[in-house]
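Take a look at the structure below.
Protein chains: 2
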Amino acid sequence: MRRIVVLAGGIGGARFLRGLRPAAPDAEITVIGNTGDDIHLFGLKICPDLDTVMYTLGGGIHEEQGWGRADESFAVREELAAYGVEPTWFGLGDRDIATHIVRTQMLGAGYPLSAVTEALCARWQPGVKLLPMTDDRVETHVVIDAPDGGRRAVHFQEYWVRLRAAVPAHGIVPVGAETAAPAPGVLQALAEADVILFPPSNPVVSIGTILSVPGIREAVAGAAAPVVGLSPLIGGAPVRGMADKVLAAIGVAADTAAVARHYGPELLDGWLVAPQDADAVPEVEKAGIRCRAVPLLMSDRQAATAMAGQALELAEEVRAA
Amino acid sequence: MRRIVVLAGGIGGARFLRGLRPAAPDAEITVIGNTGDDIHLFGLKICPDLDTVMYTLGGGIHEEQGWGRADESFAVREELAAYGVEPTWFGLGDRDIATHIVRTQMLGAGYPLSAVTEALCARWQPGVKLLPMTDDRVETHVVIDAPDGGRRAVHFQEYWVRLRAAVPAHGIVPVGAETAAPAPGVLQALAEADVILFPPSNPVVSIGTILSVPGIREAVAGAAAPVVGLSPLIGGAPVRGMADKVLAAIGVAADTAAVARHYGPELLDGWLVAPQDADAVPEVEKAGIRCRAVPLLMSDRQAATAMAGQALELAEEVRAA
Chain A
1 MRRIVVLAGG
11 IGGARFLRGL
21 RPAAPDAEIT
31 VIGNTGDDIH
41 LFGLKICPDL
51 DTVMYTLGGG
61 IHEEQGWGRA
71 DESFAVREEL
81 AAYGVEPTWF
91 GLGDRDIATH
101 IVRTQMLGAG
111 YPLSAVTEAL
121 CARWQPGVKL
131 LPMTDDRVET
141 HVVIDAPDGG
151 RRAVHFQEYW
161 VRLRAAVPAH
171 GIVPVGAETA
181 APAPGVLQAL
191 AEADVILFPP
201 SNPVVSIGTI
211 LSVPGIREAV
221 AGAAAPVVGL
231 SPLIGGAPVR
241 GMADKVLAAI
251 GVAADTAAVA
261 RHYGPELLDG
271 WLVAPQDADA
281 VPEVEKAGIR
291 CRAVPLLMSD
301 RQAATAMAGQ
311 ALELAEEVRA
321 A
Chain F
1 MRRIVVLAGG
11 IGGARFLRGL
21 RPAAPDAEIT
31 VIGNTGDDIH
41 LFGLKICPDL
51 DTVMYTLGGG
61 IHEEQGWGRA
71 DESFAVREEL
81 AAYGVEPTWF
91 GLGDRDIATH
101 IVRTQMLGAG
111 YPLSAVTEAL
121 CARWQPGVKL
131 LPMTDDRVET
141 HVVIDAPDGG
151 RRAVHFQEYW
161 VRLRAAVPAH
171 GIVPVGAETA
181 APAPGVLQAL
191 AEADVILFPP
201 SNPVVSIGTI
211 LSVPGIREAV
221 AGAAAPVVGL
231 SPLIGGAPVR
241 GMADKVLAAI
251 GVAADTAAVA
261 RHYGPELLDG
271 WLVAPQDADA
281 VPEVEKAGIR
291 CRAVPLLMSD
301 RQAATAMAGQ
311 ALELAEEVRA
321 A
């Protein structure tokens, strides 16, 4: 059986994975999920990226929105606001809250996040093995301007949800990453993988955060398997999200070749760019990364499946080379 | 200003209080609420009786049901059940959950329950000062038959909600009461009261539990104010709830005179019985408790106000005697 390992953020990663399953129906797919976006709110432990993957693959996602639950209601949020409890900017739905209650209780009872995630997935049956990147606490902070003219760091969710990424980001810090360890199964999955894929997730705050956990970058770089990534930028702009802004924060230009070079040939064997970026192909290949231009818009499941197929094909090409 | 102190359980106490406010519009009303029914579920601290009083007086109660929130939804409960999380028998509504989230967070931050209750009441403006009987943990347990032929103790909510009080209760134990202290303000309110009232709340698991906190029984017994109670039994049956069953568990007959004698003249100066129980009046008076037969069905707010008026009148009679 082919073993595929995918490093995934939220919506982009989840939709790619939904395309990957039918593209590789017999494969054993392991997902290493970003937990740098995790946040504690109202005493609840919230793991937005893990949940987006779980809900998307398990059929519970709010399809149009891309995150949160279908048929969601917001009675708890309304009431918390009526009590004047902060923060009010995080859109916590009632159905979603049940997931956080179960997770928080299990963590409180001493289970590591990886065991909790497995228990939650027992309900959702996502069809992949979903692993958090780490069982340790890592929190992505974004450095922004402070009112006093200096700078301050805010939680990624505050930057993204409350501030809508509308203020300049000067740096991205995965707080706690330096002392975090990969969750059980992560390094083994990378070592035993036949293919490793970077979906069009954010290269800084999603895949970059996963790679910041000591041991994971090295395991990807040292893996026997071909590593193929899909550009999250098309024509220099992110399909969704704020990849351009957080790339700027770490000094990387918002173009697909720059992102490929940022990962570098140490990590990447192959890189898929959109047809609009075909002129980036020679530049990427010059950097030692095999590159193809293929449609990269996940407009529907079929498109995502076609993209996943292209990624697997490029991986085979790399392997054969 | 007249100072009225009421020892209250849940629905009966709350509806009586809603009648008392218009019956004594200028009075300062302090409510000492039962917390023996409190339960931790899903990591949340739930105080059913305090909330019933707060919601009822604050206009947020589910009117027909008598407990829980109006316009309630149950998305969280549905989802918890879908995860297979126990228990499923406690009817936790979405709006209600927000109250428990705020409470649990404040308790976790180190605030005592009395301060938390005050903060929650800042939203609901119940028009009374609502005090928990204690800031300490007291949990009413009910002794029932065990499958092995022996006996076991279950949480009051399990007896009442899960088992619907349909199994024999052999004893009632307010676990932790012996080391609990009255919450700040409780003893002072009793000492300074002009009138003390026992609404038609459960004499065992509501008022009995409040009185089990060391110092409270003594403060009621020693108070300068007249103490008047209203019978929770009419014609030997509870108007609502399971007073008859828990009275049996502590060896008290399910009739209004027996309940009056159970409180005793050390606590009670006056006792109101229903017209159906008029023949109990001489028996209660023989026990040294002034007694009147008046309508005791809180069929609507006006009826509750009339009952409160009768209780205050009997208190004046006691004072003048």
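In order, the protein sequence lines correspond to chains A and F.
If you read the first sequence in full-length UniProt numbering, its first letter stands for residue 1, the second for the next number, and so on.
If you read the second sequence in full-length UniProt numbering, its first letter stands for residue 1, the second for the next number, and so on.
Ideal Cβ positions, reconstructed from N, Cα and C, are used throughout, including at glycine.
Model, not experiment: these values are computed from the prediction.
Rounded C-beta distance between residue i and residue j? I'm assuming under 8 Å.
i	j	result
F/LEU197	F/ILE46	The Cβ separation is near 26 Å, so there is no contact.
A/ARG21	A/MET298	Not confirmed; about 14 Å, so no contact.
A/VAL138	A/THR35	6 Å
F/ASP37	F/PHE156	5 Å
A/LEU230	A/PRO199	6 Å
F/SER114	F/ASP136	No, F/SER114 and F/ASP136 are not in contact; Cβ-Cβ is about 11 Å, not under 8 Å.
A/LEU314	A/VAL227	Not confirmed; about 10 Å, so no contact.
A/GLY176	A/VAL143	Incorrect: roughly 16 Å between the Cβ atoms, too far for contact.
A/ALA257	A/GLU283	4 Å
F/LEU130	F/GLY33	6 Å
A/ILE29	A/VAL6	7 Å
A/VAL53	A/PRO112	Rounded, the Cβ-Cβ distance is 18 Å, inconsistent with contact.
F/LEU296	F/LEU272	6 Å
F/VAL128	F/LEU17	6 Å
F/ALA23	F/LEU312	6 Å
With which residues is residue i paired in a DSSP beta bridge?
i	result
A/VAL85	Note: A/VAL85 sits in no beta bridge, so no partner.
F/GLY171	F/VAL143
A/GLY270	A/VAL228 and A/ARG290
F/THR30	F/VAL5 and F/LYS129
A/LYS45	A/HIS40
F/ALA237	F/ILE234
F/PRO182	F/THR134
A/LEU197	A/VAL6 and A/VAL228
F/ALA303	BP columns for F/ALA303 are empty, so no partner.
A/VAL154	A/VAL142
A/ILE61	A/ARG69
Let's test the definition: count the other Cβ atoms within 10 Å of the Cβ of residue i and tell me whether it reaches 16, buried, or not, exposed.
i	result
F/GLY270	buried
F/GLY110	exposed
A/ALA25	Note on identity: in this sequence residue 25 of chain A is Pro, with Ala being the wrong assignment. A/PRO25 is exposed by the Cβ-count criterion.
F/HIS141	buried
A/ALA293	buried
A/PRO182	buried
F/LYS286	exposed
F/VAL89	According to the sequence as given, residue 89 of chain F is Trp; it is not Val. F/TRP89 should be labelled exposed.
F/THR179	exposed
A/ASP71	exposed
F/GLY43	buried
F/VAL167	exposed
F/GLN65	exposed
A/GLU266	exposed
F/PRO147	exposed
A/ARG95	buried
A/MET133	buried
F/ALA308	buried
A/GLU79	buried
A/GLY60	buried
A/GLN188	exposed
A/GLY84	exposed
A/ASP194	buried
F/ALA8	buried
Select from the region 22-55 of chain F all residues with a C-beta closer than 9 Å to any C-beta belonging to chain A, and list them in chain order. Those residues of the region 22-55 of chain F placed with their C-beta closer than 9 Å to a C-beta in chain A are PHE42, GLY43 and LEU44, ordered along the chain.
Determine, using beta-carbon pairs with one atom in the region 298-311 of chain A and one in the region 256-266 of chain A, whether at least three such pairs fall under 8 Å. Contact fails: fewer than three Cβ-Cβ distances are below 8 Å.
The region 59-83 of chain F: which residues have C-beta closer than 7 Å to a C-beta of chain A, in chain order? Within the region 59-83 of chain F, the qualifying residues are SER73, ALA75, VAL76, GLU79, LEU80, ALA82 and TYR83.
Could you please tell me which residues of the region 163-190 of chain A, in chain order, have their CB closer than 9 Å to any CB of chain F? For the region 163-190 of chain A, there are no residues whose beta carbon sits under 9 Å from a beta carbon of chain F.
Mind listing which residues of the region 100-112 of chain F have their C-beta closer than 9 Å to chain A's C-betas, in chain order? So the list reads ILE101, VAL102, THR104, GLN105 and GLY108, given in the order they occur along the chain.
Report yes or no: do three or more beta-carbon pairs, one from the region 201-213 of chain A and one from the region 233-245 of chain A, lie closer than 8 Å? Result yes; three or more Cβ-Cβ pairs closer than 8 Å.
Say whether the region 277-291 of chain A touches the region 213-225 of chain A, bearing in mind that this needs 3 or more beta-carbon pairs closer than 8 Å, one atom from each stretch. Short answer: they don't touch.
At a Cβ cut of 7 Å, what residues of the region 122-152 of chain A count as close to chain F, listed as they run along the chain? Interface annotation for the region 122-152 of chain A against chain F: ARG123, criterion Cβ-Cβ distance under 7 Å.
The region 65-82 of chain F contacting the region 120-127 of chain F, beta-carbon criterion three pairs below 8 Å: With a cut-off of 8 Å, the region 120-127 of chain F and the region 65-82 of chain F do not count as touching, because too few Cβ pairs lie within range.
Mind checking the region 3-22 of chain F against chain D and listing, in chain order, the residues whose C-beta falls within less than 9 Å of any C-beta there? Absence of chain D from the displayed structure is noted, the protein chains being A and F.
Could you run through the region 85-98 of chain F and flag, in chain order, every residue whose CB is less than 7 Å away from some CB of chain A? Listed by position along the chain: VAL85, ASP94, ARG95, ILE97 and ALA98.
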